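Shown next, in structure tokens, is the structure this report addresses.
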Amino acid sequence: MTSNADSPHPFIPNTPSERAQMLATIGVDDFDALITDIPEQHRNSSLQLPNAASELEVATRMQALAALNQDAGTRPSFLGAGAYRHFIPSTVGAILQRGEFVTSYTPYQPEAAQGVLQSGFEFQSAVAQIFGMEVANAGMYDGPTAFAEAGLMAARVSRRNRILILDTADKRLFEVAEAYARYQQVEIEAISRESVLNGDVPDDAACIAFQSPNFLGRIEDVQALTDAAHAAGALSVMHTYPTALGMFKSPGEFDVDIATGEGQPLGVPLTFGGAYVGLFTAKQRFIRQLPGRIIGRTSDTLGRTGYTLTLQTREQHIRRERATSNICTSTQLIGLMVAVYCATMGPSGLRKVAELSYHKAHYLANAIDALPGWNVIRESDPPSPSQGQIQRGGPSPDTFFNEFAVECPIAPSDVNRLLAGRGIIGGLDVSDVVPYGILLCVTEMNSRQDIDRLVDALSGIGNGGVA
Amino acid sequence: MTSNADSPHPFIPNTPSERAQMLATIGVDDFDALITDIPEQHRNSSLQLPNAASELEVATRMQALAALNQDAGTRPSFLGAGAYRHFIPSTVGAILQRGEFVTSYTPYQPEAAQGVLQSGFEFQSAVAQIFGMEVANAGMYDGPTAFAEAGLMAARVSRRNRILILDTADKRLFEVAEAYARYQQVEIEAISRESVLNGDVPDDAACIAFQSPNFLGRIEDVQALTDAAHAAGALSVMHTYPTALGMFKSPGEFDVDIATGEGQPLGVPLTFGGAYVGLFTAKQRFIRQLPGRIIGRTSDTLGRTGYTLTLQTREQHIRRERATSNICTSTQLIGLMVAVYCATMGPSGLRKVAELSYHKAHYLANAIDALPGWNVIRESDPPSPSQGQIQRGGPSPDTFFNEFAVECPIAPSDVNRLLAGRGIIGGLDVSDVVPYGILLCVTEMNSRQDIDRLVDALSGIGNGGVA
Amino acid sequence: MSEGVVPNASVADMHDRRLLMDRSVSGRRAIEMPAADVPLAEMPNDDLLRDADDLQLPEMSQLDVIRYFTLLSRLNFSIDTNFYPLGSCTMKYNPKLNDQVASLGGFANIHPLQTDDSVQGALEVMFELQEWLGEATALPGVGLAPLAGAQGEYAGLLIARAALEMRGESHRKVALIPDSAHGTNPASAAMAGMDVVTIKTDEFGNVDVEDLRAKADENACVFMLTIPSTLGLFEPNIIEINNIIHDAGGLVYADGANLNALLGLVKLGDLGVDICHSNLHKTFSTPHGGGGPGAGPVMVTEELASFLPEPVVVKSDGDVPSPARRERARVRAQQYHLTRPDNSIGKINGFHGSFSILVRAYTYMQSLGGDGLRAVSENALINANYIQARLRDRFDLAVDRLCMHETVLSGKRQADRGVPALSIAKRLLDYGIHAPTMYFPLIVPEALMVEPTETESKETLDRFVAVMQAIDDEIDSDPDSVNHAPHTLPNTRLDEATAARRPVLRWQAETD
Amino acid sequence: MSEGVVPNASVADMHDRRLLMDRSVSGRRAIEMPAADVPLAEMPNDDLLRDADDLQLPEMSQLDVIRYFTLLSRLNFSIDTNFYPLGSCTMKYNPKLNDQVASLGGFANIHPLQTDDSVQGALEVMFELQEWLGEATALPGVGLAPLAGAQGEYAGLLIARAALEMRGESHRKVALIPDSAHGTNPASAAMAGMDVVTIKTDEFGNVDVEDLRAKADENACVFMLTIPSTLGLFEPNIIEINNIIHDAGGLVYADGANLNALLGLVKLGDLGVDICHSNLHKTFSTPHGGGGPGAGPVMVTEELASFLPEPVVVKSDGDVPSPARRERARVRAQQYHLTRPDNSIGKINGFHGSFSILVRAYTYMQSLGGDGLRAVSENALINANYIQARLRDRFDLAVDRLCMHETVLSGKRQADRGVPALSIAKRLLDYGIHAPTMYFPLIVPEALMVEPTETESKETLDRFVAVMQAIDDEIDSDPDSVNHAPHTLPNTRLDEATAARRPVLRWQAETD
Ligand SMILES: Cc1ncc(COP(=O)(O)O)c(C=O)c1O
Ligand SMILES: Cc1ncc(COP(=O)(O)O)c(C=O)c1O
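Spelled out as structure tokens, the structure:
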């Protein structure tokens, strides 16, 4: 075997003789002369890491690690709760492979980045459309951080400091909002639907922020919540699952002020939770308070249309400690996936995805209802208010999109373990919210056969055969 | 569900109203008016095929079909015999994804196809280098067809009509050569190494054509065979496994006249046998007799370098029935994979692949030799001549690259079945050539652990435990 | 100006065009290979070993490999970037799903010599594709082995010869071929040892039936008919023609390269065709790859099926339990097998055909289904006739008839004004549109053969029409500029004559 | 001239720039979805349902979607196509292997809420990456959750505040930040409720130690040091500085965005740094994606580890048999778990961080190993100093010292001749080279911050030098042309003022 000790690494072109030449041009004798500013006692402390491995070895190891995971692409899964297994059309992967998109930087030189900018403008256009909102920014880190920043923005806009979050929202949303608000002189508080609809909204509330479909999959009465917020002089902030907007009314139709969402369901693989993209939309009049990057249309010196980052004076690289957010590197490439997804699905495709998810979820719910020992949670369960308090014209609290909670006859964690044994990825254990509760999610990716397999597996459990 | 009956298919943009508009412009009332030339009784006979399926359905079905195959990427394999499982660097796949390469046509408009042409020129340069030959064409359908066309070219060049093929060559090479030569007024005949080296070459022989490493993996005495051919006024035609040329002398060094090979080992996945690319090289003076496409360097009207298809007067689209071959669409994209592979591997990488394959194959051979009941076939086995007849200075017939035949204690097909039961893809059953013979191949992709697993499995069989 | 510095160059020209070896720096590497994990074996005799210095391949960093080929890719026109109305080539959209499916491990990583029971999924793909191609052509014997259209032709002609030989008519060696035929037809016929006799085309673009009748004699082996013809026309006398051939004792071979015009509209077998091939890389939308790989399956009548090239996939009746199945309960019952037909013409290539292309075509056919395939042809015809209708006032038609999936224009009027078809074609490139096929078929002067395909939108066709009109105007206003086109590509016109006269076919160390 | 026809346009300009909605044709589709395979459920209340017409998304054929985005991609500079010496951004080669690994089904298709035992491979990746980043920085507490550098900063500052609060020093709210710092530092400090106090940089580019000493009082929470600084300089007084901060009772936060200069040369923890973040999308070569996603893990001392954001992966001692294991013999013993550290600052994002980016960084680190990572930094330094040495006769240096991985030039001499740094940067684009970072750090007039990275070859650097010299010459010969650059890109300079004054942020039906 020839030894490659002296050859450079595949990622580093300089050969030993080139290095020597370059050091001579620099005017130093050896490399060490370049790092004399580093305190001597700490200089050159060696890295206790494995040796360089060849591509074949690395690929082999990584394939082995990937194979240790139970891949939701090759078995039925009923997990949702913020990350959803939706169909991703082939166009998304094909465009995502373009090195020109993958390996470019943030488009600070617009003339050399029209590809990123124009596709980002498409993203903003599609997101604004889906949300029915006037403007969207170019993307946030993920859904929960978008929601957290929406709360902070509501505080800036309203000059009030209480961010009230409806208690039907995912606790992850609370937690992230809390971490973002911790030292910002604002309070994060939970509020019940009951209180909001009864008008019990404190008059220093910056916003009523809610999730719909909520954590348990149910559609909130967006109109009523928004009206109540506005009545109290607060903003209405809605966090949503964008796929649902393929069939349900958009936040814009209800006069919501700021609407956020997790972009992952729109063409992004599950990838163990990231990288995703946060969707952030608002009314036009708030644009100078938006966090994150925004792409605008303009023209060049020859009058031709072009695109550029705009409203940058909100951002940290210009406004520093007075910026609307510290966000810098964001999620442009994931936004591109969303843009290609939306262009591919079009209005009819997005609607069909929503409808398929809806019908299949209801098929499962109906089947579970028929199982002895299992109980789809439909009404007057915590934390939903009782039906009587829902305003007329609003949705029944039982309207759900594609997720719903089920009361299990045994501990949900045991249910999931038994399902795993049958090659099924079960639901989310929500027994901390709903006693014996499991949250099940169904999308267009779950075939009827998969659903029937789940029902069959659950029926075995329901019969008390195992515990 | 909204019905899409009237919407066009995703691959067909015309909407019903556009169709109507276009038919009006054409000046016909309906589509049927366009096909009146088709005999009425046979017009519009419907296709008894399944209905259109959605992308999700098609992808699901194709994944299921793929999963039915035993993937040599996820289990050890010892099959070779003309198709080899070698490492494919990540660069190959990355470049192969470029739509500009994948979706372009044969570069008949050179100004609009410099990418295909220049990368094809790189392919020719790399192949000529590896073979140590003066020129290479832009690729043939696959290795065996390249070999077959080499025989025909030898007949054209020599104006003789007997193509003698050494009987140590793969019978696939014979068969394809025979199918190509069937009506071309040339004879395909097998000849033994013994006859050639003894000078028993008929004086109307167009060429001595041989494979080295031969079907059983052994290195032929290329010098002696070539000398014998030349002595008889015939051409020397060699078919090789290009990876072997990473460590073994090239055909060019032995004055071979035409050398061919299967390009698949140079960066192309196994893919159940295709698409591959045939490598075709020759001496410069034969270029006007070459089959297939050739890319040449030239300059444009501004004096800048550019590339173009050249020597096209040999080809069917110009010379028609007097062309050197009927080949038209060839294997440019697979040639691109080879070009990227060669650029990535470089001289040291290619050598290392060859050496790793060599050492690992010998490691396996030695281990099998130590197994009772198993016998690596080393000498004086049919169809090799006896050692005594090998000329001085030539290789011992036992020199093999990375393949070798083994005599099994039970039928090779049973060996393979038993190995399959242990998750191992065994070797090729060559009992038609070597009694109880199995041909085993080892490359850099077989880890020592895999090899040991094979040996362990064979040792169980050797003990007579199963039959 | 310093070396390597090109200011004000267009983006496409910016990077230099040096070859890899001109960029190579000794010692660089783009890849690392693992060390041996086995004890090293004794090396073979030194006489056999290659000198380390003998292998002159590029030495590059990995980034520079990626950058080089990425930049090359950008020098090219393609379907993904350009309208590509190249007649006879059916340059249509290649669905991305098909590429993704073909790269699945279960397809990409199977060895062609694995046992049948370990590749049932692959064999099922091939079996169904055989069935479907048989149905689309009403020629139920399907061989998937041919690696391109020309090889399909060759296989088909070998079948014809073998069948006639079996009838005791091995003297039949004449291939009757219309003058409009593609070059592979006569070339394949010659390879199959045939004498080519040319059949004339009449003024309507049809086969000259009288000429055919006169030449179809007792030596006729096959008549090779391209249908629709390379003029884009459906042969209205096809039944009569086929009868003439059959009556003369010959077989009818249809070149199905233009099958994109016929799907669901008519089946070749119903018309009396005995043998045909189909270019999957045209009609069935597998990418052309800058010149292949393709696949050219051959379809024949029931009677000829036993002559098909090896292998053909058959399905075993019922549920034959295989030994493997007994061993491993989870394996599906073996159902599909690779076989050699009884009277097979043999192997025409190494393994089983362009499998990766077959997978793509099968995927494509599933996506379209029967109705979708008919819609393909309908819209291919509408698009071609639309272009023809819109351009007929400016350009002569080769034949003034409704066309099928392509229209052959003649640039005679333009040539008379000093601009040959070649220049019109080159000028189109400046507008980002690939040139039509030029000077083919050979019988049409200044031919420009335009095949839009069904995957192009009306806007794209309208823009093409507008550009053709603009060029026609330029021929009056600035013919010189048209005659020197293209002006905006990485190269201006290339000197093909010198390329052929003094061939440089590989990198050479000399600088130039 | 007919509409949509642009003759003599450069290839890059050729295609039109219309947006998707301008190309949309009602009724077209780029995808087909399956029909429902279940009985349809009752639809919800009409009040809740969206009008079919309300959703205005593009209606395109699949080819047109592919063509549109493919063409857009070609309007962009990128590492795969251009040298990209963008200071502070570490635009280096992104190995293709890493992307391929990240797309493996076993990584791409796992749900973040699966049980730990079903994602052991993913957790092993995260665990080892934690270990390796800890080793590279000598800061053993590693949190992978932050989604970019700025979020890493924010997490680090929350940790600092939480730690000081636990010490009973919640009054400490001052962030001391050098004037050369990146904007995210003060922005993150503000988000963490801190008061920003700026520290001066001295004439040698170092922290003004006396200024620091004066301001590091009992309110100091953290000192945020970018190391090497944004001037590309290693702070020689770092030990003293860190002592000052520690003596004042504060913590030292290092912005590790420039870690590419330090790998194997020095570890931040050894220097007294308490907290740092690292941009995996810089030093660890995960692609920048046109503006993310990134990942900005936060590293802290052992003492601060309990404050890390959720989740952290821990390895269970020995072989704890899990229930799953008992059930299914083939499952590996559960070894890795996601946990919430005892005093965690909590969740700063939805799930576990940018997993797809973490996988890439881990793959990258394996490919390089310890020695390779050191070679990265060595060559990053050599390349930057080489450019500095070769350009110093033409361009002023921000500080006349050897640099680390980037050099900050000042275009003062050029500005005096009438061409600002902005124009030099734009002119580089015409030569196919991405602009350096301009006007940053803010303290350098006419700053051009050049970071070549280790993955660029000497030839590329030499060409850059030649181009910079050529531009410097052009400033004498044709300053106007430089001031109007770029000339060869899809757009000339864009009117950013109007964009901000009259924001158009989405497609609008009106034509313009
Ligand atoms: C009419 C016709 N016949 C035959 C062929 C040959 O097919 P292939 O190029 O696949 O060999 C072609 C393709 O160019 C063609 O257009
Ligand atoms: C010095 C420095 N600090 C912090 C950051 C912020 O990192 P990110 O963009 O990942 O949020 C950057 C990146 O631009 C940087 O260069």
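Protein chains in written order, with the working numbering: chain A, 39 to 505; chain B, 39 to 505; chain C, 1185 to 1696; chain D, 1185 to 1696. From the three backbone atoms N, C-alpha and C, an ideal C-beta is built for every residue, glycine too. These numbers come from a predicted model, not from an experiment.
Whole-number beta carbon distance between residue j and residue i, since they are thought to touch under 8 Å
i, j, result
"residue 315(A)", "residue 289(A)", "Actually they are not in contact, since the Cβ atoms of residue 315(A) and residue 289(A) sit about 18 Å apart, beyond 8 Å."
"residue 413(A)", "residue 453(A)", "About 13 Å; that fails the 8 Å criterion."
"residue 1496(C)", "residue 1471(C)", "That pair is no contact at about 26 Å."
"residue 1582(C)", "residue 1631(C)", "6 Å"
"residue 1232(C)", "residue 398(B)", "Residue 1232(C) to residue 398(B), Cβ: 18 Å. No contact."
Beta bridge counterpart(s) of residue i as assigned by DSSP
i, result
"residue 1594(D)", "1580(D), 1631(D)"
"residue 1252(D)", "BP columns for residue 1252(D) are empty, so no partner."
"residue 245(A)", "201(A), 273(A)"
"residue 1325(D)", "1484(D)"
"residue 1520(C)", "1499(C)"
"residue 1362(D)", "1383(D)"
"residue 115(B)", "463(B)"
"residue 344(B)", "336(B)"
Cutoff 6 Å; reference residue i; Cβ partners in own chain excluding five residues on either side
i, result
"residue 8(B)", "Nothing can be reported for residue 8(B): it is not among the residues displayed for chain B, which extend from 39 to 505."
"residue 1535(C)", "1296"
"residue 1397(C)", "1428"
"residue 242(B)", "198, 200"
Residues near residue i in its chain [Cβ-Cβ closer than 7 Å; skip 5 each side]
i, result
"residue 1222(D)", "none"
"residue 1185(C)", "Summary for residue 1185(C): the model assigns pLDDT 33, below 50, so the residue's position carries little reliability; its value from the coordinates is reported in the next sentence. Around residue 1185(C): no qualifying Cβ."
"residue 1725(D)", "There is simply no residue 1725(D) to check, as chain D begins at 1185 and stops at 1696 in what is shown."
"residue 1575(D)", "1593, 1649, 1652"
"residue 68(B)", "61"
Same chain only: Cβ atoms within 8 Å of residue i, ignoring 5 sequence neighbours per side
i, result
"residue 1207(C)", "1242, 1244, 1248, 1252"
"residue 291(B)", "170"
"residue 55(A)", "none"
Would you call the segment 1462-1480 of chain C and the segment 137-148 of chain B in contact, with 3 or more CB pairs under 8 Å?
yes
Stretch pair the segment 1275-1291 of chain C + the segment 104-123 of chain B: three plus CB contacts closer than 8 Å = yes
**Asked** Are the segment 94-105 of chain B and the segment 330-347 of chain B in contact at 8 Å, needing three or more beta carbon pairs?
**Response** no
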